[in-house]
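Novice: My structure is below; once you've seen it, I'll send some questions.
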Amino acid sequence: MPTVGLFVTCVVDQIVPEVGMAAVRLLEAAGCTVEFPADQTCCGQPACNAGEPEAATILARHWLDVFGRYDAIVGPSGSCVAMIHHWYPRLLDGAEGARARELAARTFELTGYLADELATVELGARVEGTVTVHDSCHGLRNLGVRDAGRRLLEAAGATVVEMSEPETCCGFGGTFSLDHAEIAAPLADAKLADAGHTDARWLASSDAACLLHLEGRRRRIGTGPEPIHTARLLAAGLDR
Numbered sequence: 002m003p004t005v006g007l008f009v010t011c012v013v014d015q016i017v018p019e020v021g022m023a024a025v026r027l028l029e030a031a032g033c034t035v036e037f038p039a040d041q042t043c044c045g046q047p048a049c050n051a052g053e054p055e056a057a058t059i060l061a062r063h064w065l066d067v068f069g070r071y072d073a074i075v076g077p078s079g080s081c082v083a084m085i086h087h088w089y090p091r092l093l094d095g096a097e098g099a100r101a102r103e104l105a106a107r108t109f110e111l112t113g114y115l116a117d118e119l120a121t122v123e124l125g126a127r128v129e130g131t132v133t134v135h136d137s138c139h140g141l142r143n144l145g146v147r148d149a150g151r152r153l154l155e156a157a158g159a160t161v162v163e164m165s166e167p168e169t170c171c172g173f174g175g176t177f178s179l180d181h182a183e184i185a186a187p188l189a190d191a192k193l194a195d196a197g198h199t200d201a202r203w204l205a206s207s208d209a210a211c212l213l214h215l216e217g218r219r220r221r222i223g224t225g226p227e228p229i230h231t232a233r234l235l236a237a238g239l240d241r
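What the sequence shown shows, in this note's numbering, is residues 2 to 241, in sequence order.
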């Protein structure tokens with residue numbers, strides 16, 4: 002089995018480290034050897050979103066140096082993985098661009114890596130209850146990850162119930178939610194209301210930033226099921 006470099010992402014590292022620990026448990030349950038390179042930093046997405054490609058390029062070069070030696074690089078966030086896939090080859094050219102494309106081909110979102118790349122959905126986890134799934138924009142539209150999390154949850158015994166619009170944006174969008182709160186908040190409220198209509202116990206996603214945005218709005222309006230990262234829900238089921 003491969004040696005995986007855990008691309009933990011800034012949000013997970015600084016705000017929800019339990020998601021990173023859950024990711025490690027799932028990867029190990031799938032038979033992977035997991036390493037956490039301590040000198041990893043931000044992938045550069047916030048700088049890129051803010052119109053600072055020069056700063057993002059510096060971070061991209063560092064990221065390539067940190068993760069270049071791994072068989073696979075796996076992150077618990079479709080948003081950050083999409084940065085590697087879709088922006089690094091644009092920020093870097095020549096030999097650096099070729100290296101970025103080669104490494105992007107070995108970089109995966111967590112649920113997609115488990116269910117699609119490793120073809121492993123049976124991890125020994127048990128999840129009892131109903132779950133509805135939010136498809137994050139970057140994971141779905143940039144990486145093509147949609148059914149992986151659902152298949153992992155169903156294999157663990159969860160009942161997955163669909164929202165009427167699971168693919169609609171939650172409103173986070175990185176710096177969008179800060180720059181355009183008047184749009185981002187109603188989008189989150191609509192997503193929570195849609196999830197609430199399913200009567201699910203949990204609202205799962207594989208993008209930690211989307212979940213933080215949804216949880217913040219849920220605390221304010223009191224609507225919808227509990228937002229939870231798919232990795233946390235599955236890892237908790239490994240103890241049953």
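Don't be surprised by glycine CBs; every beta carbon is placed ideally from N, CA and C.
All values derive from a computational prediction rather than experimental measurement.
Note down, in chain order, each residue of its chain lying with its Cβ closer than 8 Å to the Cβ of residue 203, except the 5 sequence neighbours on either side.
Specialist: Within the sequence shown, the letter at position 202 stands for residue 203. Within the same chain, residue 203 has close Cβ partners 130, 131, 132, 133, 226, 227, 228, 229, 234.
Novice: The alpha helix (DSSP H) that contains residue 230, what's its start and end?
Specialist: Taking the sequence shown and counting its residues from 1, the one referred to as residue 230 is at position 229. Run containing residue 230: none in the alpha helix (DSSP H); it sits in the beta strand (DSSP E), 227-230.
Novice: To which residues of the same chain is residue 97 closer than 8 Å at the C-beta, ignoring the five residues directly before and after it?
Specialist: Residue mapping note: residue 97 aligns to position 96 of the sequence shown, counting from 1. Answer for residue 97: 62, 65, listed in chain order.
Novice: Which first and last residues belong to the beta strand (DSSP E) in which residue 73 is found?
Specialist: As a working note, residue 73 is residue 72 in the sequence shown. Segment 73-76, the beta strand (DSSP E) holding residue 73.
Novice: Taking the alpha carbon of residue 8 as the point to measure from, which residue in 23, 27, 48, 77 has its own alpha carbon closest?
Specialist: Position 7 of the sequence shown, counting from 1, holds the residue named residue 8. Of the listed residues, the one whose Cα sits closest to residue 8 is 77.
Novice: Residue 67 by DSSP, collapsed to three states: which one?
Specialist: The residue given as residue 67 occupies position 66 in the sequence shown. DSSP places residue 67 in helix when its eight states are reduced to three.
Novice: Less than 6 Å between C-beta atoms, sequence neighbours within five positions excluded: which residues of the same chain meet that for residue 56?
Specialist: One-based indexing of the sequence shown puts residue 56 at position 55. Within the same chain, residue 56 has close Cβ partners 48.
Novice: What residue does the alpha helix (DSSP H) around residue 95 start on, and which one ends it?
Specialist: As a working note, residue 95 is residue 94 in the sequence shown. 95-105 is the extent of the alpha helix (DSSP H) around residue 95.
Novice: For the alpha helix (DSSP H) containing residue 1, name the first residue and the last one.
Specialist: This structure does not reach residue 1, given that the chain is present from 2 up to 241, and the question cannot be answered.
Novice: My guess is that residue 12 and residue 25 are in contact by the Cβ rule of under 8 Å, so how many angstroms apart are they, rounded?
Specialist: On the sequence shown, position 11 is the one that residue 12 refers to. On the sequence shown, position 24 is the one that residue 25 refers to. In fact, because the Cβ distance is near 16 Å, the residues do not count as touching under 8 Å.
Novice: Quick check on the burial criterion: 16 or more other C-beta atoms within 10 angstroms. Buried or exposed for residue 27?
Specialist: Within the sequence shown, residue 27 is the residue found at index 26, counting from 1. The residue in question, residue 27, is buried, as its Cβ has 16 or more Cβ neighbours within 10 Å.
Novice: Let's see if you can read the secondary structure: which residues bound the alpha helix (DSSP H) around residue 179?
Specialist: Residue mapping note: residue 179 aligns to position 178 of the sequence shown, counting from 1. Its alpha helix (DSSP H) spans residues 177-180.
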